[in-house]
Amino acid sequence: MSGGPSTQPALSFELRLPGHSLAPALARACVDGLAGVCAPERLAAARLIVSELVTNAVIHASKGLPQSVVVELSAGEAGIAGVVRDEGPPFEARAELPDRGSIGGFGLHIVDRTATEWGITHQVGNAVWFKV
Amino acid sequence: MSGGPSTQPALSFELRLPGHSLAPALARACVDGLAGVCAPERLAAARLIVSELVTNAVIHASKGLPQSVVVELSAGEAGIAGVVRDEGPPFEARAELPDRGSIGGFGLHIVDRTATEWGITHQVGNAVWFKV
Amino acid sequence: MDFFEISWDSPGDGCRRGRLRGELDVAAAPTLERDVLQQLADPVEVVVIDLEGLEFLDSSGLRALLMVQEHAQRAGARLVLVPGPPRVQSLFHVAEVVSWFEFCGGTNGHEDGLAGSTT
Amino acid sequence: MDFFEISWDSPGDGCRRGRLRGELDVAAAPTLERDVLQQLADPVEVVVIDLEGLEFLDSSGLRALLMVQEHAQRAGARLVLVPGPPRVQSLFHVAEVVSWFEFCGGTNGHEDGLAGSTT
Ligand SMILES: Nc1ncnc2c1ncn2[C@@H]1O[C@H](COP(=O)(O)OP(=O)(O)O)[C@@H](O)[C@H]1O
Ligand SMILES: Nc1ncnc2c1ncn2[C@@H]1O[C@H](COP(=O)(O)OP(=O)(O)O)[C@@H](O)[C@H]1O
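Residue numbers (this note's numbering), protein chains in the order written: chain A, 1 to 132; chain B, 1 to 132; chain C, 1 to 119; chain D, 1 to 119.
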C-alpha cells in the first residue's frame, strides 16, 4: 500500500459565487476538493460551516447578484481556515440556541458549535471567518 | 418521486487556485458542484477538460505561484462554457495525436476531442476556453 | 454532488412515508415542504420522514424539518423521523434539537417505535 | 475527492500486480511511477496494473502509464492493463491510444489474457 496525501503542502483557493440557491452545494463541492490535504473530520466540519455561511450570504445579502459571494479557504495539516464574504449591509451575530418553537436561526449556532474559532469583520460587506 | 434540479437556472463560478499539484483535483471537485444544473455526460466532459487545462496552467505557467490559475465556469441546460487563465508567457496550441512512442502531449489532444468548441486567447497570460 | 430526491409510500393506514436521498440544504428544502403539504391533503395520522439515505443536512434542512413538523401538527398528524447516518444525525446534536423531534427505529432518539404509533 | 492508492500483490511467479484506486492525475502520477520502479528492482516478467478501482484518469495519468510501460520494457518485462470502468476506459479511446497498451481480462483491448502470460 502506498500513495496518500500525507506529505502534501497546504492548499488554498478563492471561489466567487452568485447569489443562487445552488451556491452552497457548489461551495461544499469545492471544500471536498481539499480532501488531499486534511483529515476527513475537519473536512466535514468545514463543509458544514461553509454551507451555513454561503447560505446566509445568499439569503440575507446576495440574492440574485452575480459573483457576489466569495469563499476563501486554506487547508493544511494544522487545520482549515476560511472566510465567506458578501457585499450586504453589516449585521450583528447571534449564535445562541433559538427558543423552542423557532423554525430558523440555527445557522450561526451550528457554526459556533462546529468551529474552533470564528468571528465577523465588516469591510465592504460582511466577512465571517472561521477555523476548524 | 419528486425533487431534482430540472428547473434550476444557470449557475456559474470563478475559482482562483495556486500553482499546486492538487489544483486539478480541487478544480474537478468544483465542477462536480455544477451537478444540479447539467447532464452527467456534460459534467464528466467538463471535469476532464478542466483537469487538463488546470494541469497545463500549473505545470507550464504557474508552478508554485499563489492564486495564479483562474477557472471560470458557467453551466445551464444549454451546456457548460469555461475558461482557464494563467499568467504565463503565450504558447501555440498543438492538439494532434502525438507520435507513437511519445509519453506526453496528450492534454490538448484530449481537450480537442472532448470539447464541442475550444480555443486560446492571449491577454495578460493564456486563456484557454471551451464549450461542452 | 448536489442532488435531492424524495420517494413516498404508505407503510400502513393513515401513514405516509417519505424517504430522502441526497443533500437536504437550502436548494432542496422547498421540495420537501411542498411534497409534505401535498401528502397532508389526504387524511393522515403520521408522516414518517426517513433520513437513512440522506448524505448531508444543514440548518436550512433542519428548518424545513421543523416546518414539516408544524404543517403535520396543524393537519392533526405527527412527524416521526427515521434517523440518518452519523454525519446527518450529528447535525441534530450540534444544533441541540434532538429532543425537538420524535425519532423512531434508531438509538438516536425516543424509543417509542413507528409500529405502535401508526395503528 | 482527491485520493489515490496502490496495493501490490503477486498473483503468480514473475508477476507483480498493482491495483489502483481513486484518481490518477498529475498529483498521483509520481506515486505510480515510483512504486513500479520499486517493483522492478526484483526480477519480473509481467507488471499488471489493474484499473478496475480507478475513478478518474486524465492525460497526466496516461503519461504515467506510458512511462511505466517504458520502465517495464527496459527491465525486460511487459505491462498488462486490466481495464477500468467506462469513464476510465473512455480516456484511452478519446486519446486514441487503446492500441498502445496490452489490455487483458476485458473487452476493451487484446484478448490474450493474464493467465497465459504469467506462467
Ligand atoms: N451574511 C449575512 N448578511 C446579513 N445578515 C446575516 C448574514 N448572516 C446572518 N445574518 C443575520 O443573522 C441571523 C442569524 O443567522 P443564522 O443563525 O444563520 O440563522 P437564519 O439564517 O436561519 O436566520 C439571520 O437571520 C440574519 O438576520
Ligand atoms: N497553459 C500553458 N502555458 C504554457 N504552455 C502550455 C500551456 N498549456 C499547454 N502548453 C504547451 O502546449 C504543449 C502541449 O500541451 P498538452 O497537449 O496539454 O501536453 P503536455 O502538457 O503533456 O505536454 C505543452 O507541452 C506546452 O508546451
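For glycine and all other residues, C-beta sits at the position ideal for the given N, C-alpha and C.
Remember, predicted model here, so these are calculated numbers, not experimental data.
Contact list for residue i against chain B, beta-carbon separation under 7 Å
i     : result
S12/A : P18
V94/D : I110, R113, T114
E55/D : The contacting residues do not exist; E55/D stays about 10 Å from chain B at best.
L65/A : By Cβ distance, chain B contributes nothing, its closest Cβ being about 12 Å from L65/A, past 7 Å.
L66/D : I103
Beta bridge counterpart(s) of residue i as assigned by DSSP
i      : result
C15/D  : G12/D, V46/D
R78/D  : V46/D
G76/A  : G79/A
L40/C  : Note: L40/C sits in no beta bridge, so no partner.
S7/C   : R19/C
F103/D : L81/D
L54/C  : G22/C
V97/D  : Bridge partners of V97/D: none, in fact.
V37/B  : DSSP output for V37/B lists no bridge partner at all.
V71/B  : L15/B, V84/B
Per-residue burial, residue i [other beta carbons within 10 Å of its own, 16 or more giving buried]
i      : result
T119/D : Unreliable positioning characterises T119/D in this predicted model, as indicated by a pLDDT of 34, which lies under 50. The coordinate reading is nonetheless provided below. T119/D is exposed by the Cβ-count criterion.
R47/B  : buried
D32/B  : buried
Q123/B : exposed
D99/B  : exposed
T55/A  : buried
H109/A : buried
H93/C  : exposed
D112/D : Bear in mind that a pLDDT of 42 at D112/D, under 50, signals an unreliable position, so the model cannot answer this.
D50/C  : buried
Q38/C  : exposed
A78/A  : exposed
M1/B   : In this prediction, M1/B scores a pLDDT of 43, lower than 50, which makes its location untrustworthy; the coordinate-derived value is nonetheless stated afterwards. Exposed is the call here.
G116/D : A caution first: G116/D carries a pLDDT of 40, below 50, which makes its placement in the model unreliable, though a value can still be read off. So G116/D counts as exposed.
D86/B  : buried
S60/C  : buried
A29/B  : buried
Q89/D  : buried
T121/B : exposed
D9/C   : exposed
Contact set between residue i and chain A, taken where Cβ atoms lie within less than 8 Å
i     : result
R87/C : A44
L20/C : Near L20/C there are no residues of chain A at all, since even the closest Cβ is about 15 Å away, more than 8 Å.
R63/C : I103, G104, F106
Endpoints, the alpha helix (DSSP H) within which residue i is located
i      : result
G107/A : 107–114
F92/D  : 86–94
A127/B : Segment 126–131 is the beta strand (DSSP E) holding A127/B; no alpha helix (DSSP H) there.
S51/B  : 40–56
P24/B  : 23–32
Extent of the continuous beta strand (DSSP E) run through residue i
i      : result
A81/B  : 79–85
L17/B  : 11–17
I120/B : 117–122
Amino acids of chain B, ordered along the chain, whose beta-carbon sits closer than 9 Å to that of residue i
i     : result
A29/A : A29, C30, V31, D32, G33, L34, A35
Neighbouring residues, chain A, relative to residue i (Cβ below 7 Å)
i     : result
A25/B : G33, G36
E23/C : A25
L22/B : Q8, L11, G36, V37
L97/B : Those within 7 Å of L97/B in chain A number zero; the least Cβ separation is about 30 Å.
Short CB-CB distance (under 7 Å) between residue i and chain G
i     : result
V26/D : Within the model displayed, chain G is absent; protein chains A, B, C and D are what it includes.
Per-residue contacts from residue i into chain D (C-beta, under 9 Å)
i     : result
E52/B : D58, S59, S60
Chain D contact residues for residue i, given Cβ-Cβ distances below 7 Å
i      : result
L48/B  : D58
G107/B : S59
Chain-ordered chain B contacts of residue i [CB-CB under 8 Å]
i     : result
E70/D : I103
R74/D : In chain order: nothing, as chain B lies at least about 13 Å away.
Proximal residues of chain C, C-beta to C-beta of residue i below 8 Å
i      : result
R100/A : W100
Cross-chain neighbours of residue i in chain C, by beta carbon under 7 Å
i      : result
A121/A : The identity of residue 121/A in the sequence shown is Thr, whereas the question assumes Ala. None at all; the shortest Cβ gap to chain C is about 22 Å.
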